[in-house]
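Sequences listed follow chains A and B, in order. Numbering-wise (my numbering), the first sequence opens with residue 1 and increments by one. Numbering-wise (my numbering), the second sequence opens with residue 1 and increments by one. Backbone N, C-alpha and C define an ideal beta-carbon position, used for all residues, glycine too. Here the structure is a predicted model, which means the values were calculated and not measured. A short worksheet on the structure shown next.
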Amino acid sequence: MSQQAQTLVDKVWDRHIVSEEPGRPSMVYIDLHLIHEVTSPQAFAALEERGLKLRQPQRTVATMDHSTPTDPRRLEVLDGQSRKQLDLLRHNCEKYGVTLYGIGHDRNGIVHVIGPELGLTQPGMTIVCGDSHTSTHGAFGALAFGIGTTEVSHVLATQCLLQHRPESFEVYVDGALPAGVGAKDIALAIIAEIGTDGGTGHVFEFRGSAIESLSMEGRMTLCNMSIEAGARAGLIAPDEKTFAYLEGRDFAPKGAAWQAAVADWRSLRTDEGATFSRSLTIDASELAPMITFGTNPGMGQAIDKHLPRPEDLESDQAAAELRKALDYMGLEPGKTLLGHPVDVVFIGSCTNSRISDLREAAEIFSGRQVANGVRTLVVPGSQNIKRQAEAEGLDVVFRTAGAEWREPGCSMCIAMNGDQLSPGQYAVSTSNRNFEGRQGRGGRTFLASPRTAAAAAIRGCVTDPRTLTAG
Amino acid sequence: MEALKSLTAKALVVHRDNIDTDQIIPARFLKVTDKAGLGDALFADWRYAEDGTPKSDFVLNQPWAKGRAILVAGQNFGSGSSREHAPWALLGYGFRAVIARSFADIFRNNALKNGVLPVALGKTEHSKVLAALAADRDAELTVDLEMCALGLGGEHIANFEVDAFARHCLLNGLDQLGYLLHFEADIERYEAERSTRAY
């Protein structure tokens with residue numbers, strides 16, 4: 001008997017239904033719950049108030065990342081409020097029996113970096129975290145999405161969430177990426193095309209030859225940015241690259257269990273003939289290095305294009321929004337961004353802090369110097385990545401070029417830990433959000449790839465990375 | 001969660017699209033360990049100068065703005081970060097409903113779980129509300145969750161959609177954790193089945 005053709009999203013969804021009642025959202029089981037210091041305190045307080053237990057401590061893993069200083073002095077420079085939050089996380093983890101990779105632990109790092117690198121993130125799982133960039137884990141064929149703190153308390157207490165089945169959205173990226181163009185550029189191109197709410201109510205499935213040719217780290221970068229297009233999750237069917245990445249990692253299945261897991265994971269593909277609610281096709285061969293110019297990630301374009309003019313837009317509201325954004329950014333319509341001076345370059349965040357991102361940046365830094373007056377921070381995503389980069393000598397490349405080599409954390413992506421822009425400063429940043437004040441009050445952010453960020457650091461201005469070959 | 005059945009109140013308009021949760025409450029205010037007291041941080045960077053003095057041109061700082069319980073915004077309200085501090089800040093200020101063209105998914109979920117009702121309107125109805133408030137900033141709106149209807153000074157403007165279960169919870173002031181806990185037996189059955197898997 002033939003079953004109805006299913007999408008990958010539906011296959012993962014169906015495996016996790018605990019209970020369904022008409023007129024109610026489904027009760028969905030959560031395989032892995034990642035927590036951090038900022039969005040968990042009030043959730044633990046809710047357990048406390050009701051005298052509830054944490055249902056599955058072994059499915060819960062904690063890290064410290066959002067407010068942790070990346071300054072090597074770390075705890076000495078920690079502010080009092082952050083210290084209280086970190087202490088509370090440690091207390092809650094001890095009380096409820098949750099594994100915590102805190103500051104200084106050799107597995108510490110950004111929550112969406114350590115999940116995959118420890119092998120906690122696996123195909124077919126449901127993964128949640130009180131953090132919108134949980135979509136990152138979709139790179140492994142997991143259904144992974146960000147939740148609020150109330151939902152964090154639901155998962156702590158019941159290991160379940162009430163959710164409606166999401167609509168599926170195929171993002172088909174075909175063709176060969178030109179030199180100097182990578183996963184971050186694909187992500188920014190998609191968001192520029194459909195806007196920051198283009199994926200609302202949907203889960204992306206990224207498919208096509210350009211997606212298959214991405215490394216696992218590139219796939220993580222792409223899935224990470226799904227939320228910036230409004231989709232709570234984005235995923236990619238697991239393949240040989242996925243299995244090769246996971247094999248042997250600390251928490252990946254071993255021996256016979258590994259064989260069984262891979263056999264099962266191979267079935268996690270969208271069936272021939274399955275239909276998506278929506279579809280978008282992108283020709284990878286036509287993409288260029290992307291950069292944002294405005295105050296949301298949808299306000300981006302190829303780096304060598306001229307800035308849009310409000311009067312060319314169709315609606316008055318859109319024109320008004322563009323005017324406000326350009327005004328905040330201190331930019332003139334119709335001008336090029338190339339050559340625009342930059343004060344700070346930030347290479348890091350859950351989007352672009354992995355070893356391949358650092359290697360990509362180091363290629364450009366190698367044998368060159370950061371331009372005078374530009375502050376450049378390179379912040380590895382985890383202690384593992386930091387050790388790996390140091391083993392490869394990348395830290396020496398960055399330091400020799402005049403960049404700061406920091407301890408892991410979210411750092412200047414969210415500016416909660418002291419790493420931030422001053423009012424009016426311009427940054428080229430490999431992070432994920434260029435919202436007003438996101439990197440520090442009054443700060444102005446251009447989002448781009450690690451390659452484009454490194455090129456800006458060297459030249460001191462917005463630079464097309466294709467004009468700077470490996471040093 | 002405090003129940004919400006019907007609310008008649010004056011409104012404030014922040015007519016911008018894509019108001020992200022970093023604008024609703026900037027990240028530096030997320031270092032708290034409780035939910036209370038965030039109303040003062042609502043729209044902090046639009047509302048206060050760097051030295052903390054209120055900006056005279058921002059709507060929340062107008063003398064007539066105090067005590068208003070409905071916020072009107074543009075498209076894609078609450079995009080970006082999943083921080084539930086956003087609805088906590090709205091609620092802390094006194095907003096019980098946000099009227100917009102559309103909402104980001106995570107914000108919508110978070111708002112409903114905190115007794116802040118997201119009301120999404122079509123373009124025509126949204127424009128009508130904006131025009132009415134432009135003509136009379138003291139016009140009263142009625143958000144009736146029992147009827148899923150929006151009224152303006154007694155006139156029916158639009159019906160709106162709310163997830164049936166979230167509506168039930170909000171009408172009765174129920175929080176969903178209590179509901180979830182009733183399914184203990186189902187969770188146990190699911191976990192028992194899963195434990196037989198080969199990996």
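Counted within 10 angstroms of its Cβ, other Cβ atoms place residue i as buried (16 or more) or exposed
i: B/His156; result: exposed
i: A/Gln58; result: exposed
i: A/Lys429; result: It should be pointed out that residue 429 of chain A corresponds to Ser in this sequence rather than to Lys. Answer is buried; the Cβ neighbour count reaches 16.
i: B/Thr196; result: exposed
i: A/Thr295; result: buried
i: A/Val77; result: exposed
i: B/Glu188; result: exposed
i: B/Pro54; result: exposed
i: B/Trp46; result: buried
i: B/Asp40; result: exposed
i: A/Thr452; result: buried
i: A/Thr463; result: buried
i: A/Thr376; result: buried
i: A/Gly409; result: buried
i: B/Asn172; result: exposed
i: A/Gln4; result: exposed
i: B/Gln23; result: buried
i: A/Ala179; result: exposed
i: A/Lys11; result: buried
i: A/Ser2; result: Its pLDDT being 47, under 50, A/Ser2 is placed unreliably by the model, and nothing is read from it.
i: A/Asp185; result: buried
i: B/Asn110; result: buried
i: A/Gln439; result: buried
Residues that DSSP places opposite residue i in a beta bridge
i: B/Phe103; result: B/Phe77
i: A/Ala233; result: A/Val203
i: A/Gly300; result: A/Thr292
i: A/Val128; result: A/His33 and A/Phe145
i: B/Tyr93; result: BP columns for B/Tyr93 are empty, so no partner.
i: B/Ala86; result: In DSSP, B/Ala86 forms no bridge with anything.
i: A/Cys461; result: A/Pro341
i: B/Cys169; result: B/Cys169 is not bridged to any residue.
i: A/Arg278; result: A/Phe169
i: A/His306; result: A/Thr336
i: A/Phe346; result: A/Leu377 and A/Ser429
i: A/Leu162; result: A/Met27
i: A/Leu100; result: A/Ala62
i: B/Ala158; result: B/Leu150
i: A/Asp239; result: Paired residue(s): none; A/Asp239 is not in a bridge.
i: A/Ser19; result: A/Met27
i: A/Gly109; result: A/Ser382
i: A/Leu222; result: For A/Leu222, which the question treats as bridged, DSSP gives no partner whatsoever.
i: B/Thr8; result: B/Thr142
i: A/Asp283; result: A/Asp174
i: A/Val77; result: In DSSP, A/Val77 forms no bridge with anything.
Contact test: residue i Cβ vs the ligand GTP heavy atom, cutoff 7 Å
i: A/Gln388; result: Absence of the ligand GTP is noted for the structure shown, with no ligands found whatsoever.
Restricting to runs no shorter than 3 residues, where is the beta strand (DSSP E) found entirely within the stretch 19-84 of chain B? 70-72
Enumerated in chain order, which unbroken segments of the alpha helix (DSSP H) with a length of 4 residues or greater are wholly contained in the stretch 387-449 of chain A? The qualifying runs are 394-401.
Say whether the stretch 155-170 of chain B touches the stretch 119-138 of chain B, bearing in mind that this needs 3 or more beta-carbon pairs closer than 8 Å, one atom from each stretch. Flag = yes, the stretch 155-170 of chain B and the stretch 119-138 of chain B touch.
Output the residue ranges of the alpha helix (DSSP H) runs that lie fully inside the stretch 38-73 of chain A and measure 4 residues or longer, sorted by chain position. 41-50
Answer yes if the stretch 187-201 of chain A comes into contact with the stretch 268-284 of chain A, meaning at least three C-beta pairs across the two stretches below 8 Å, and no otherwise. yes
I want to know whether the stretch 51-59 of chain B touches the stretch 113-126 of chain B - three or more CB-CB distances under 8 Å. no
Using 8 Å as the Cβ pair cut-off and three pairs as the minimum, do the stretch 329-341 of chain A and the stretch 425-445 of chain A touch? The answer is yes - the stretch 425-445 of chain A touches the stretch 329-341 of chain A, with three or more Cβ pairs under 8 Å.
Segment contact flag, the stretch 354-366 of chain A with the stretch 395-407 of chain A, C-beta cutoff 8 Å, min 3 pairs: Yes, the stretch 354-366 of chain A touches the stretch 395-407 of chain A.
Which residues, in order along the stretch 154-185 of chain A, keep a beta-carbon less than 7 Å from a beta-carbon of chain B? Taking 7 Å as the Cβ-Cβ cut-off, the stretch 154-185 of chain A approaches chain B at His154, Ala157, Thr158, Gln159, Cys160 and Leu162, given in chain order.
Are three or more beta carbon pairs between the stretch 32-41 of chain A and the stretch 135-153 of chain A nearer than 8 Å? yes
Entirely enclosed beta strand (DSSP E) segments - the stretch 97-156 of chain B, minimum 3 residues: Assignment of beta strand (DSSP E) within the stretch 97-156 of chain B, counting only whole runs of 3 or more residues, yields 97-100, 117-120, 140-144 and 149-152 in chain order.
Chain-ordered residues of the stretch 53-85 of chain B with a beta carbon less than 9 Å from chain A: Gly74, Gln75, Asn76, Ser79, Gly80, Ser81, Ser82, Arg83, Glu84 and His85
Selection of the stretch 20-37 of chain B by Cβ proximity to chain A, strictly under 8 Å: The stretch 20-37 of chain B vs chain A, Cβ under 8 Å: Asp20, Asp22, Gln23, Pro26, Ala27, Arg28, Leu30, Lys31, Val32, Thr33, Asp34 and Lys35.
Would the stretch 312-324 of chain A count as touching the stretch 10-20 of chain B if we require 3 or more Cβ pairs under 8 Å? yes
With a threshold of 8 Å, are at least 3 pairs of Cβ atoms found where one atom belongs to the stretch 305-316 of chain A and the other to the stretch 409-422 of chain A? no
Say whether the stretch 201-221 of chain A touches the stretch 131-141 of chain A, bearing in mind that this needs 3 or more beta-carbon pairs closer than 8 Å, one atom from each stretch. yes
Any 3 or more C-beta pairs closer than 8 Å across the stretch 110-122 of chain A and the stretch 249-266 of chain A: yes
If contact means a Cβ-Cβ distance below 8 Å, which residues of the stretch 106-138 of chain B contact chain A? For the stretch 106-138 of chain B, the beta-carbon criterion of a distance under 8 Å to any beta-carbon of chain A is satisfied by Ile106, Asn109, Asn110, Lys113 and Asn114.
Chain B contacts made by the stretch 409-430 of chain A, where a contact means CB separation under 8 Å: Ile414, Ala415, Met416 and Pro423
With 9 Å as the limit, tell me which residues of the stretch 152-167 of chain B have their beta carbon closer than that to any beta carbon of chain A; keep them in chain order. Asp163, Ala164, Phe165 and Ala166
Pairing CB atoms from the stretch 341-349 of chain A with CB atoms from the stretch 419-439 of chain A, are three or more of them under 8 Å? Contact holds between the stretch 341-349 of chain A and the stretch 419-439 of chain A, because three or more Cβ pairs, one in each stretch, are under 8 Å apart.
Quick one: any contact between the stretch 44-55 of chain A and the stretch 206-215 of chain A, if contact means 3 or more CB pairs under 8 Å? no
What are the residues of the stretch 179-198 of chain B that lie near chain A, defined by any Cβ-Cβ distance shorter than 7 Å? Leu180, Leu181, Phe183, Asp186, Ile187, Tyr190 and Ala198
Do the stretch 256-268 of chain A and the stretch 226-233 of chain A touch if we need at least three Cβ pairs shorter than 8 Å? no
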